[in-house]
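Undergrad: Okay, here's the structure, questions in a sec.
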Amino acid sequence: MNSFNQLNFTNSFASLPETFYSHVTPSLLKNSHLVAFNNTAASLLDLDNDDQNRESLLPFLSGERVQKDSKPIAMLYSGHQFGGYSPQLGDGRAMMLGEVTNKSGEKWELQLKGSGQTPYSRGADGRAVLRSTIREYLCSEAMHALGIPTTRALSITGSDEEVYRESIEKGAMLLRMAPSHVRFGSFEIFYHRQQYQEIQTLANYIIEHHYPQLLDITEPNERYLALFEAVMTRTARMISQWQQVGFSHGVMNTDNMSILGLTLDYGPYGFMDEYDAGYICNHSDTYGRYAFDQQPKIGKWNLGRLAQAMLPLFDETPKIAAEKVNALLPKYDEIFQQHYLNGMRAKLGLTDAHDDDESIIDELLEMMQQSHVDFTNLFRSLSQFDPHDLENNHLLRDQFVDRERFDLWAKFYALRIVTEARDKSERKLSMEKVNPKYVLRNHLVQRAIELAEAGDYTEIHRLHEILNHPFSEQTLPSYYATPPPEESERIVVSCSS
Numbered sequence: 007m008n009s010f011n012q013l014n015f016t017n018s019f020a021s022l023p024e025t026f027y028s029h030v031t032p033s034l035l036k037n038s039h040l041v042a043f044n045n046t047a048a049s050l051l052d053l054d055n056d057d058q059n060r061e062s063l064l065p066f067l068s069g070e071r072v073q074k075d076s077k078p079i080a081m082l083y084s085g086h087q088f089g090g091y092s093p094q095l096g097d098g099r100a101m102m103l104g105e106v107t108n109k110s111g112e113k114w115e116l117q118l119k120g121s122g123q124t125p126y127s128r129g130a131d132g133r134a135v136l137r138s139t140i141r142e143y144l145c146s147e148a149m150h151a152l153g154i155p156t157t158r159a160l161s162i163t164g165s166d167e168e169v170y171r172e173s174i175e176k177g178a179m180l181l182r183m184a185p186s187h188v189r190f191g192s193f194e195i196f197y198h199r200q201q202y203q204e205i206q207t208l209a210n211y212i213i214e215h216h217y218p219q220l221l222d223i224t225e226p227n228e229r230y231l232a233l234f235e236a237v238m239t240r241t242a243r244m245i246s247q248w249q250q251v252g253f254s255h256g257v258m259n260t261d262n263m264s265i266l267g268l269t270l271d272y273g274p275y276g277f278m279d280e281y282d283a284g285y286i287c288n289h290s291d292t293y294g295r296y297a298f299d300q301q302p303k304i305g306k307w308n309l310g311r312l313a314q315a316m317l318p319l320f321d322e323t324p325k326i327a328a329e330k331v332n333a334l335l336p337k338y339d340e341i342f343q344q345h346y347l348n349g350m351r352a353k354l355g356l357t358d359a360h361d362d363d364e365s366i367i368d369e370l371l372e373m374m375q376q377s378h379v380d381f382t383n384l385f386r387s388l389s390q391f392d393p394h395d396l397e398n399n400h401l402l403r404d405q406f407v408d409r410e411r412f413d414l415w416a417k418f419y420a421l422r423i424v425t426e427a428r429d430k431s432e433r434k435l436s437m438e439k440v441n442p443k444y445v446l447r448n449h450l451v452q453r454a455i456e457l458a459e460a461g462d463y464t465e466i467h468r469l470h471e472i473l474n475h476p477f478s479e480q481t482l483p484s485y486y487a488t489p490p491p492e493e494s495e496r497i498v499v500s501c502s503s
């Protein structure tokens with residue numbers, strides 16, 4: 007195992023022309039201290055994480071000390087934000103320190119978030135606050151434990167520095183990790199500037215470092231088209247996984263879409279409590295552009311913007327390039343639906359594919375919405391469903407307002423289960439492996455934030471440990487697996503950070 011100053015830093019992205027980034031230096035927070043450290047993420051770097059070494063890591067985790075080979079940079083990009091094009095964005099409060107290759111050959115970019123102003127801060131302070139860093143730290147690790155592709159979080163550094171958002175809050179830094187932080191908007195900016203050589207340079211970099219299997223395609227135009235298809239496939243799969251756990255991202259702007267199909271930039275996200283297809287987790291999303299049921303469609307729309315940015319790579323003739331995209335992009339719906347249906351079948355304990363599977367899923371969701379049923383708990387409790395004695399399912403039945411409608415659905419569901427002739431215990435076990443008992447509900451993370459702002463970080467550590475095992479039965483107060491009390495005020499989350 008290594009200490010932080012023994013890590014072998016490189017920065018392959020910084021080897022690209024400076025058109026793609028700006029050199030930056032982290033700005034220190036006042037009286038910084040370690041709030042949280044993720045041993046699981048540290049192991050990905052072969053990083054020594056024992057208690058004695060923990061405090062010695064603080065200068066590196068807070069940006070006070072920078073490795074000589076790290077070459078910190080802020081990445082340039084643009085993007086479509088709530089449907090409108092913003093011509094220049096970039097890392098306004100994040101700095102990529104470099105990348106570390108572990109003993110397995112995996113490369114991880116390390117990025118400080120909240121490390122001060124960059125040339126892309128657009129007048130902002132370049133800081134993050136403790137509230138937002140806790141939300142990203144916990145959710146990125148919770149998503150990973152659910153098996154959903156995501157950036158990772160190594161640490162939170164707190165401080166006494168005051169940062170103004172809607173009110174005065176404490177400044178903090180997050181050190182996050184990903185194989186790459188390149189976004190759809192990293193391509194868009196050069197398309198709209200008509201800098202087509204830069205688009206090719208960036209595509210070549212992504213292929214070489216992250217999609218090397220595409221190097222076997224000798225025809226360049228076809229190789230770039232294959233790159234787009236690979237990104238499309240990963241994106242469709244990721245969003246299908248969001249839908250399967252009731253996760254709403256909140257800000258699906260193209261600058262928040264990863265070229266690797268990772269869940270990126272945790273702002274006003276939310277895991278649903280009661281099922282609501284039109285759930286809006288972002289207070290700033292006035293018209294519901296990024297509502298839960300809109301996420302699959304927005305994913306496709308965003309891919310259309312990426313395809314537009316990559317058009318010059320697909321063919322020298324714009325018309326032919328557009329025809330290639332128009333032939334490929336519709337496959338998104340097929341890919342998404344395949345992953346979604348397979349995932350939902352698994353949640354229902356079904357192994358065989360039937361033509362009417364979509365209807366059985368949709369009918370259940372409609373009943374859940376009608377009755378305001380908790381999304382996570384309902385699917386978890388379905389593992390107890392008895393197909394041979396329908397009257398024995400009264401605990402499930404009583405969650406629904408329209409009991410007769412549930413009875414009709416239950417008969418059909420029972421027939422599907424019986425037809426597969428699967429062992430009851432095997433079905434129950436398989437369902438519990440895909441239906442989590444614990445998700446990061448907003449009232450849980452809010453409680454951790456309020457305690458942390460008062461100087462108590464224990465709930466951050468407790469939640470992190472619970473959410474590392476979301477599918478396991480744990481000896482915990484019921485509070486961690488239930489929706490917020492009805493009398494509690496609904497938590498509203500906005501884009502501020």
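Residues in the sequence shown are numbered consecutively from 7, following the working numbering.
We treat Cβ as the ideally placed atom computed from N, Cα and C, and that holds for glycine.
Fair warning: this is a prediction, and the values are worked out from it, not measured in the lab.
1) Quick one, are the C-beta atoms of Ser121 and Ala42 less than 9 Å apart?
2) Taking the beta strand (DSSP E) that Thr323 belongs to, which residues open and close that run?
3) Checking contacts by CB at 9 Å: is Arg128 closer than that to chain B?
4) Determine the direct distance from the alpha carbon of Tyr170 to that of Ala130, and round the result to whole angstroms.
5) By a C-beta neighbour count over all protein chains shown, 10 Å radius and 16 as the cutoff for buried, is Leu51 buried or exposed?
6) Specify whether the region 98-117 and the region 176-184 touch according to this definition: at least 3 beta carbon pairs, one from each stretch, less than 8 Å apart.
7) Which residues in the same chain have their Cβ closer than 8 Å to the Cβ of Met373, if we skip the five residues on either side of it in sequence?
8) If you compare alpha carbons, which of Ala100, Thr46, Thr16 is closest to Val30?
9) On a CA-only basis, which of Gly153, Ala458, Pro226 is nearest Pro476? Give me that one, please.
10) Just the Cα atoms here: how many angstroms apart are Gln343 and Pro226?
11) Going straight from the alpha carbon of Tyr143 to that of Tyr27, what length do you get?
12) Check whether the Cβ atoms of Leu396 and Lys430 sit closer than 9 Å, and answer yes or no.
13) Is it the case that the Cβ atoms of Val451 and Cys145 are separated by a distance below 9 Å?
14) Keeping to the same chain, check which residues put their C-beta closer than 6 Å to that of Gly294; ignore five residues upstream and five downstream.
15) To which residues does DSSP link Thr511 through a beta bridge?
16) List the endpoints of the continuous beta strand (DSSP E) containing Phe381.
17) In three-state terms, what does DSSP make of Tyr83?
18) Please identify the residue among Val445, Gly284, Arg137 whose C-alpha is closest to the C-alpha of Glu479.
19) Could you tell me whether the region 203-222 touches the region 247-255, using the rule of 3 or more Cβ pairs below 8 Å?
20) I'd like to check one pair, Leu312 with Phe196: are the Cβ atoms closer than 9 Å?
21) Should His467 go down as buried or exposed, given a rule of 16 or more other Cβ atoms within 10 Å for buried?
22) For the region 292-362, which segments carrying the alpha helix (DSSP H) assignment without a break, of at least 4 residues, lie completely within its bounds, in sequence order?
23) Where does Asp52 sit, in a helix, a strand or coil, going by DSSP?
24) Spell out a yes or no on whether the region 375-391 and the region 333-348 are touching, meaning 3 or more CB-CB pairs, one atom from each, closer than 8 Å.
25) Which partner residues of Gly129 appear in the DSSP bridge assignment?
26) Going straight from the alpha carbon of Tyr211 to that of Ser92, what length do you get?
27) Please classify Tyr296 as buried or exposed, where buried requires at least 16 other C-beta atoms within 10 Å of its C-beta.
28) Would the region 64-84 count as touching the region 17-26 if we require 3 or more Cβ pairs under 8 Å?
29) Take Glu322 as the anchor and find which of Tyr202, Trp307, Phe298, Ala427 has the nearest alpha-carbon.
30) Does Ser165 come out as helix, strand or coil in the three-state DSSP assignment?
31) Let me make sure I understand the geometry here. Which of Leu457, Thr107, Leu95, Gly104 has the alpha-carbon closest to that of Thr124?
32) The alpha helix (DSSP H) spanning His505 covers which residue range?
33) Kindly indicate which residue of Ser264, Glu204, Thr46 has the alpha-carbon position closest to the one of His216.
34) Using CA atoms only, rank isn't needed, just tell me which of Asn262, Gly276, Leu208 is closest to Ser21.
35) With a Cβ-Cβ cutoff of 9 Å, do Phe193 and Met316 count as a contact?
36) Once DSSP output is grouped into helix, strand and coil, what is the label at Gly273?
TA: Looking at the atomic coordinates:
1) No, the Cβ-Cβ distance between Ser121 and Ala42 is not below 9 Å.
2) Segment: none, Thr323 is in no beta strand (DSSP E) and carries neither H nor E.
3) The displayed structure is made up of one protein chain only, and chain B is not part of it.
4) Near 10 Å, if we compare the C-alpha coordinates of Tyr170 and Ala130.
5) Under this definition Leu51 is a buried residue.
6) With the rule of 3 Cβ pairs closer than 8 Å, the region 98-117 counts as touching the region 176-184.
7) Only Val379, Phe406, Asp408, Arg411, Phe412, Trp415 meet the Cβ criterion.
8) Proximity to Val30 across Ala100, Thr46, Thr16 peaks at Ala100, based on C-alpha coordinates.
9) Checked all of Gly153, Ala458, Pro226; the closest Cα to Pro476 is Gly153.
10) Rounded to the nearest angstrom, the two C-alpha atoms are 30 Å apart.
11) Between Tyr143 and Tyr27, the C-alpha separation is close to 25 Å.
12) Their beta carbons are not under 9 Å apart, which means Leu396 does not touch Lys430 by this criterion.
13) Taking the C-beta atoms as reference points, Cys145 is found nearer than 9 Å to Val451.
14) Cβ within range, chain order: Ile286.
15) Since the first residue shown for the chain is 7 and the last is 503, residue 511 is missing from the structure and cannot be characterised.
16) Where Phe381 is concerned, there is no enclosing beta strand (DSSP E), although the alpha helix (DSSP H) it sits in stretches over 381-387.
17) Assigned with DSSP and collapsed to three states, Tyr83 falls in coil, not helix or strand.
18) Ranked by Cα distance from Glu479, the first of Val445, Gly284, Arg137 is Val445.
19) Judged by Cβ distances under 8 Å, the region 203-222 makes no contact with the region 247-255, as fewer than three pairs qualify.
20) Taking 9 Å as the Cβ cut-off, Phe196 and Leu312 do not qualify as a contacting pair.
21) Exposed is the call here.
22) Complete alpha helix (DSSP H) runs here, min 4: 301-320, 324-334, 337-353.
23) It is coil, neither helix nor strand.
24) The region 375-391, when compared against the region 333-348, does not touch it at the 8 Å Cβ threshold.
25) In DSSP, Gly129 forms no bridge with anything.
26) In this model, Tyr211 and Ser92 are separated by some 24 Å (Cα to Cα).
27) By the neighbour-count rule (16 or more Cβ atoms within 10 Å), Tyr296 is buried.
28) Segments in contact, yes.
29) In terms of Cα proximity to Glu322, the closest of Tyr202, Trp307, Phe298, Ala427 is Tyr202.
30) Ser165: strand per DSSP, three-state reduction.
31) Out of Leu457, Thr107, Leu95, Gly104, Leu95 has the C-alpha closest to the C-alpha of Thr124.
32) A question about residue 505 goes unanswered here, because the residues of the chain that appear run from 7 up to 503.
33) Closest option to His216, Cα to Cα, is Ser264.
34) When only C-alpha atoms are compared, the closest one is Leu208.
35) Less than 9 Å divides the Cβ of Phe193 from the Cβ of Met316.
36) Look at Gly273 here: in three-state DSSP terms it is coil, with no helix or strand label.
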